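First the structure, in the form of structure tokens, and then the observations on it.
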Amino acid sequence: MQQNKLTAVKRVIKPYQIPDLEDQVAERIKNIIPVVSPCYDSFPETDADAFAWLFAIDGLLLLDQLRVYLDKGFAIDEKDLIMLENQIPMIVLKEIEKALSANGEHVEELWESKFRYFAEANSPFLLSKETMEFDRVNHLLDYMYKSIVNNEVSRDVAFSKPGSIPVEKSAAEELLEAVIKAAGLIPGVKPFLGIIESIIKILYETDKEKMIQEIRVPSVSELGDVAGVKFALSTCEEGIRNISFANGTCCLPVITLNYDSEVILRNLMAYEKLMAKNSLMGGFGLELTEYVDFMCGIIDTANDVKVLREYKAICEMRRS
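Letter 27 of the sequence shown, counting from 1, is numbered 33 in the working numbering, and no numbers are missing.
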């Protein structure tokens with residue numbers, strides 16, 4: 007593996023005719039180590055040189071893999087590029103690109119195009135078409151995560167009672183309401199609806215991590231066979247925040263699965279939980295984890311998957 011890394015590094019720097027990798031790349035990274043080091047719990051303060059070299063080699067390897075991906079549509083192992091523990095900070099990647107580029111201009115545009123191409127090819131979900139503030143992107147996994155959860159089409163949705171003022175619902179609240187409506191159509195389930203409804207009332211009074219535990223949700227087959235619920239693809243290329251239930255139809259965003267999807271989803275969820283836990287100012291919910299938990303609830307058998315595929319809510323692998 008180490009030999010593969012060195013080969014990739016040589017392949018990247020060859021067109022730029024860099025005579026001294028240490029002076030032109032590693033030293034640039036070393037200058038930003040004080041900014042990067044607080045992100046790591048076990049950063050060796052006395053070994054900034056080794057840390058800079060590690061970032062330089064792994065960053066150049068990522069650059070090589072993304073270029074190969076752009077040219078040929080595949081990399082050595084896409085799973086490795088998206089794993090949480092393998093992420094290279096964006097600030098490091100920018101310094102590498104500046105060292106390689108003659109003038110250092112348009113560095114963000116170069117990385118954004120690479121990230122976008124990779125994310126579109128590997129994300130199980132459709133990505134937001136909105137332009138992202140790339141200076142707020144932490145790394146490749148962060149870019150994919152934000153592109154997924156920010157893919158939202160605004161809709162006027164609210165809980166309401168006679169004489170009350172509509173209140174905007176979160177994705178989690180809307181998701182749970184859809185379950186309640188669907189479950190209420192199944193004989194024998196109504197006595198338990200009060201329990202589920204109580205979850206909504208305490209949604210923001212309970213630790214979010216505890217709320218992700220899977221509740222008993224009727225499966226796709228149960229909803230269809232017993233209650234006549236139909237499933238449909240969300241319109242307008244909506245994302246995971248736009249699950250809806252109306253007129254006996256549950257609308258879901260499309261999810262495209264391939265042999266890497268489980269690894270990608272696990273790392274996206276791990277990153278989401280990490281950021282939600284460490285975010286002092288908030289701003290990070292658990293939308294993706296809540297969505298995956300919901301899908302795990304309604305899919306119990308192969309027949310459930312078959313039904314969702316028929317409704318085009320689940321797509322085939324993108325490539326072999």
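Beta carbons are placed, not taken as given, at the ideal position from N, Cα and C, and that holds for glycine. Remember, it's a predicted structure, so these values are computed and weren't measured experimentally.
Annotation: the continuous beta strand (DSSP E) that includes residue 239 extends over 236–239. Residue 318 and residue 237 have their C-alpha atoms some 9 angstroms from each other. Here the alpha carbons of residue 68 and residue 78 stand approximately 15 angstroms from one another. The C-beta distance from residue 63 to residue 15 rounds to 6 angstroms, short enough to fall under 8 angstroms.
Following the DSSP letters along the chain, one finds residue 69 inside the alpha helix (DSSP H) bounded by residues 54–78.
If you compare the alpha carbons of 283, 270, 262 with that of residue 131, the shortest gap goes to 262. Going by C-alpha positions, residue 233 is about 60 angstroms away from residue 104. Separation of residue 61 and residue 71 (C-alpha to C-alpha, rounded to the nearest whole angstrom) is 15 angstroms. Look at the beta carbons and you see the stretch 119–136 touching the stretch 265–283: at least three pairs across the two are nearer than 8 angstroms. Shown here, residue 242 sits in coil according to DSSP, grouped into three states, outside any helix or strand. In the DSSP assignment, residue 45 falls outside any beta strand (DSSP E), carrying neither H nor E. At the C-beta level, residue 35 and residue 91 stay beyond 8 angstroms of one another.
A Cβ-Cβ separation of about 15 angstroms leaves residue 89 out of contact with residue 144 under the 8 angstroms criterion.
The continuous beta strand (DSSP E) containing residue 255 extends over residues 255–258. Just measuring C-alpha positions, the residue of 314, 106, 251 sitting nearest residue 23 is 106.
Scanning its chain for C-beta atoms nearer than 8 angstroms, with the 5 sequence neighbours on each side dropped, one finds around residue 38 the residues 97, 98, 101, in chain order.
Taking residue 141 as reference, the option from 76, 156, 117, 124 with the minimal CA-CA separation is 117. Of the candidates 224, 57, 240, 240 places its Cα closest to the Cα of residue 320.
If you draw a straight line from the Cα of residue 309 to the Cα of residue 275, it comes to about 26 angstroms. Note on geometry: alpha-carbon atoms of residue 124 and residue 76 lie some 8 angstroms from one another. Under the three-state reduction of DSSP, residue 252 is assigned to strand.
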